[in-house]
Amino acid sequence: MNKTIVEMQDVSFYYGDRQALSHINFSIEQGDFIGLVGPNGGGKTTLIKLLLGLVKPTNGMIELFDQPIRKFKDKNKIGYVSQKANSFNRGFPATVEEVVTAGLTSKLGYFKRPNAKDREKVYQAVDKVGMSSYFKENIGNLSGGQQQRIFIARALVSDPQLLILDEPTVGVDAENVDKFFDLLHELNQQQISLLLVTHDIGTMTHHASKVACLNKSLHFHGNPKEFNDMSKDQLSDFYGHPLHLVTHEH
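Each residue of the sequence shown is one higher than the one before, counting from 0 in numbering that gives the first Met the number 0.
Put into structure tokens, the structure is as follows:
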């Protein structure tokens, strides 16, 4: 039986008087690849903020790696890749090497220079995502899909056990989306647990080991086959509106 690395028990969260999450019971086991889906405003971003410790639950309990979240200090165990495609400044004057090295800031501090071992870790992270030939390239010269690989490398350089990705394929063309999911599958095979927030249900269910459907409460948490076997009416009830699924051929 795999070890549980994230545990949420009866978690609710309010923004003032507005409830964003209601009585969430959710877990991530070591080696999981979980696709988190649901409508806009359904609480997906709030759940991520809770796991990253950016906000505190109004009610309930969260444990990370067998520790209450308030006592959890080993932040390097969790990597995070944000939704950046629509906001990244392509004129930002930084090379791939420099962007990925920034992922070591929590370890090095802001003023310590990376040593030879650190630089080797940076190269290995870039190589792991298949971008070593772009090591000295300015990141602004890369495509959206290539940039996302670099942002994953930046998250991987601190050797996380859990990688959280928030809509990472926004703005990435269809061909590169398939390659991107193949990369995530490879990382998962290397025992990195993944929590992927996405609207691309059709592609995600080909790769994820579990699916969680969130719309303020957790409506589904199980394997992709059970999720795919649900009727459109059931899914529309979860989402709160009619749902149109697009399936990608593999």
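Think of the CB as a built atom: it goes at the ideal place given N, C-alpha and C, for glycine as much as any other residue.
**OP:** Identify whether Val265 lies in helix, strand or coil by the three-state DSSP scheme.
**Re:** In this structure the chain extends from 0 to 249, so residue 265 is not present and cannot be described.
Original post:
Helix, strand or coil for Pro223 per DSSP?
Top reply: Under the three-state reduction of DSSP output, Pro223 falls in the helix class.
**OP:** Over the uninterrupted alpha helix (DSSP H) stretch that includes Ile77, give me the two end residues.
**Re:** Premise fails: Ile77 lies in the beta strand (DSSP E), 77–80, not in any alpha helix (DSSP H).
Subject >> Top-ranked residue by Cα proximity to Gln189, from Val128, Leu217, Asn137, Gly37 >> reply: Nearest to Gln189 by C-alpha distance, out of Val128, Leu217, Asn137, Gly37, is Val128.
Original post:
Touching or not, the segment 9–19 and the segment 188–207, by the rule of three or more beta carbon pairs under 8 Å?
Top reply: The segment 188–207 and the segment 9–19 do not touch, with fewer than three beta-carbon pairs separated by less than 8 Å.
**OP:** Mind checking who Met60 pairs with in its DSSP beta bridge?
**Re:** Gln8.
**OP:** Would you kindly work out how many angstroms separate the C-alpha atoms of Val245 and Phe226, rounded to a whole number?
**Re:** Residue placement at Val245 is poorly supported in this model, since its pLDDT is 47, which falls under 50; the coordinates still yield a value, given next. Each residue's alpha carbon lies about 14 Å from the other.
Subject >> Separation of Thr44 from Lys37, as counted between CA atoms >> reply: The displayed chain sequence assigns Gly, not Lys, to residue 37. Rounded to whole angstroms, Gly37 and Thr44 show a C-alpha spacing of 11 Å.
Original post:
CB Ala207 to CB Gly34, shorter than 9 Å?
Top reply: In contact: Ala207 and Gly34 (Cβ atoms closer than 9 Å).
Original post:
Quick one: any contact between the segment 4–12 and the segment 130–138, if contact means 3 or more CB pairs under 8 Å?
Top reply: The segment 4–12 is not in contact with the segment 130–138.
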